[in-house]
Amino acid sequence: MKLQIRYNINNVCRTLLQEKLDNLNVQSELVGLGEIEIKKNVSEQQFNELSGLLKKYEIHVLDDRISALVQKTKDAIIEMIYMDEKMPASKVSFYLSQKLNYSFGYISKLFSEVTYTSIENFIIIQKIERVKQLIIEDELSLTQIAGKLSYSSVAHLSGQFKKITGITPSAFQRIIKKRRTGNVGAAK
Amino acid sequence: MQYDDFHVLLADDDPDDRLFFKYAIEELKIKTVVTTVNDGVDLMNYLAEPNSKMPHVVFLDLNMPRKGGMECLKEIRSNKNFKDLSIAIYSTSGSEKDIEESFVLGANIYIKKPNDFNSLKKILAEVININWQYHTSGLNKENFVLSI
């Protein structure tokens with residue numbers, strides 16, 4: 025037997041959302057399309073529950089909290105790389121989950137979704153940025169820079185530098201020097 | 140942390156190259172808008188026009204009639220208004236000397252033109268991705284170099 029049905033997808037969505045919100049005991053009102061106004065503050069747990077429930081229907085909560093957590097992750101990574109003393113030797117995953125109070129798996133997944141890159145790759149990009157800065161400051165040798173940023177050797181650092189930028193650290197150094205001394209080059 | 144679409148501009152006189160470039164960009168995960176111009180003169184006019192949407196990255200073909208890529212690179216880098224613009228040189232030459240010279244003149248990215256569409260897609264994906272990271276994480280664009 026075949027039944028013909030007719031439905032209004034908009035109403036289906038609204039009803040579903042309202043039901044889920046009511047179940048969670050979240051006082052809320054659907055405002056227009058794709059927006060929910062929540063009357064009272066929701067706890068982290070309620071929020072996660074809600075996101076999880078809705079995900080099943082491929083309804084995604086576009087929330088500032090996710091952006092905020094990703095931003096915090098970035099900040100923590102940058103802070104770690106720019107520490108004055110040597111970078112912590114402990115595993116980054118441990119450092120981040122301690123610092124942000126979420127499992128590394130969760131942080132890592134959100135991070136990739138929002139930034140289009142992995143945490144690991146982001147760290148490499150940031151470390152190479154730091155290397156560039158230290159090369160430009162011209163106070164430390166490459167060996168010292170490698171030590172400071174927890175590379176196992178200069179070769180390891182140079183290899184990663186070349187992989188990310190396509191050029192060697194010494195070529196980078198030459199380019200920056202020539203840019204500064206020449207009349208041509210980047211306008212400041 | 141909401142960003143507008145990523146915007147790139149390609150200056151290339153070869154209509155086929157322009158088309159391949161557009162197709163390759165359309166397939167990327169990061170939503171990217173492409174504008175194309177046919178040569179260096181059109182490019183400089185576009186950038187000078189106050190109503191133009193400023194690109195995040197400009198891709199410059201080196202050999203173009205009227206005004207070539209190197210000339211555009213120098214002009215753009217001598218204008219402070221364009222200091223946030225990343226410049227990608229798009230060249231058939233892969234010589235170390237040409238690469239280094241382009242960087243010294245202020246280019247950020249040097250792309251050796253690939254021979255097939257798949258390589259082009261891969262290269263552009265990487266270029267756009269790293270530019271996106273620079274754009275969204277406030278990295279210093281002045282030190283940004285990528286040879287690919």
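So the protein sequences, as listed, match chains A and B. Here the first sequence stands for residues 25 to 212, where the numbers follow the working numbering. Here the second sequence stands for residues 140 to 287, where the numbers follow the working numbering. Here a beta-carbon is modelled for each residue, glycine too, at the ideal position from N, C-alpha and C.
Between the options, which has its C-alpha nearest residue i's C-alpha?
i	options	result
Tyr140(A)	Asn220(B), Lys168(B), Val266(B)	Lys168(B)
Ile101(A)	Ile29(A), Phe185(A), Gln28(A), Phe146(A)	Phe146(A)
Glu68(A)	Lys98(A), Ile83(A), Phe118(A), Tyr126(A)	Tyr126(A)
Thr167(A)	Ala179(A), Val85(A), Thr189(A), Leu93(A)	Ala179(A)
Asp153(B)	Leu199(B), Glu188(B), Pro194(B), Leu224(B)	Leu199(B)
Lys63(A)	Val50(A), Phe71(A), Arg154(A)	Val50(A)
Met107(A)	Tyr130(A), Ile169(A), Val138(A), Lys80(A)	Ile169(A)
Phe256(B)	Leu149(B), Ala150(B), Glu166(B), Ser276(B)	Glu166(B)
Glu161(A)	Gln95(A), Ala92(A), Gln197(A), Val138(A)	Gln197(A)
Taking just the CA atoms, how far does residue j sit from residue i?
i	j	result
Lys261(B)	Leu45(A)	43 Å
Ile287(B)	Ile90(A)	33 Å
Ile60(A)	Arg38(A)	10 Å
His146(B)	Leu263(B)	13 Å
Leu124(A)	Gln272(B)	21 Å
Lys98(A)	Leu27(A)	53 Å
Ser75(A)	Leu186(B)	43 Å
Glu163(A)	Val176(B)	44 Å
Asn279(B)	Leu259(B)	26 Å
Leu244(B)	Ser191(B)	25 Å
Glu214(B)	Phe135(A)	38 Å
Val197(B)	Gln150(A)	23 Å
Lys236(B)	Ala195(A)	11 Å
Ser121(A)	Glu103(A)	15 Å
Val155(A)	Ile200(A)	13 Å
Gly190(A)	Ile238(B)	10 Å
Ser230(B)	His195(B)	19 Å
Asp88(A)	Gly129(A)	20 Å
Whose C-beta lies closer than 6 Å to the C-beta of residue i among residues of the same chain, with five residues either side of it excluded?
i	result
Ala211(A)	Bear in mind that a pLDDT of 46 at Ala211(A), under 50, signals an unreliable position, so the model cannot answer this.
Thr205(A)	none
Ser132(A)	Ile143
Asn35(A)	none
Val138(A)	Val94
Give me, in chain order, the residues of the same chain whose beta-carbon lies closer than 8 Å to that of residue i; leave out the 5 immediate sequence neighbours on both sides.
i	result
Leu41(A)	Leu54, Ile60, Leu78, Ile83
Gly209(A)	Confidence in Gly209(A) is poor, its pLDDT being 43 and thus under 50, which makes the residue's placement unreliable; the coordinate value appears in the next sentence. For Gly209(A), where only same-chain residues beyond five positions count, the Cβ hits under 8 Å are Lys202, Arg203.
Leu212(B)	Leu199, Ile226, Ile228, Ser241, Leu244, Gly245, Ala246
Ile164(B)	Val147, Thr171, Val173, Leu263, Ile267
Ala150(B)	Thr175, Val176, Asn177, Asp178, Gly179, Asp181, Leu182, Val197, Phe198, Leu199, Asp200, Met203, Gly208, Cys211
Give me, in chain order, the residues of the same chain whose beta-carbon lies closer than 7 Å to that of residue i; leave out the 5 immediate sequence neighbours on both sides.
i	result
Lys186(A)	Thr192
Ile188(A)	Ile148, Ile149, Ile152
**Inter-stretch contact at 8 Å, needing at least 3 Cβ pairs: the segment 179 to 192 of chain B / the segment 203 to 218 of chain B** = yes
**Message:** If contact is defined by three or more beta carbon pairs under 8 Å, each pair taking one atom from either stretch, is the segment 265 to 285 of chain B in contact with the segment 246 to 255 of chain B?
**Reply:** yes
**Message:** For the pair the segment 153 to 173 of chain B and the segment 206 to 220 of chain B, tell me if three or more CB-CB distances fall below 8 Å.
**Reply:** no
**Asked** Which residues, taken in chain order from the segment 250 to 264 of chain B, show a beta carbon closer than 9 Å to some beta carbon of chain A?
**Response** none
**Prompt:** Taking any Cβ of chain A, which residues in the segment 275 to 286 of chain B have a Cβ under 8 Å from it, in chain order?
**Reply:** Thr275, Ser276, Leu278, Asn279, Glu281, Asn282, Val284, Leu285, Ser286
**Request:** Pull out every residue of the segment 166 to 180 of chain B whose Cβ sits closer than 7 Å to any Cβ of chain A, in chain order.
**Result:** Lys168, Ile169
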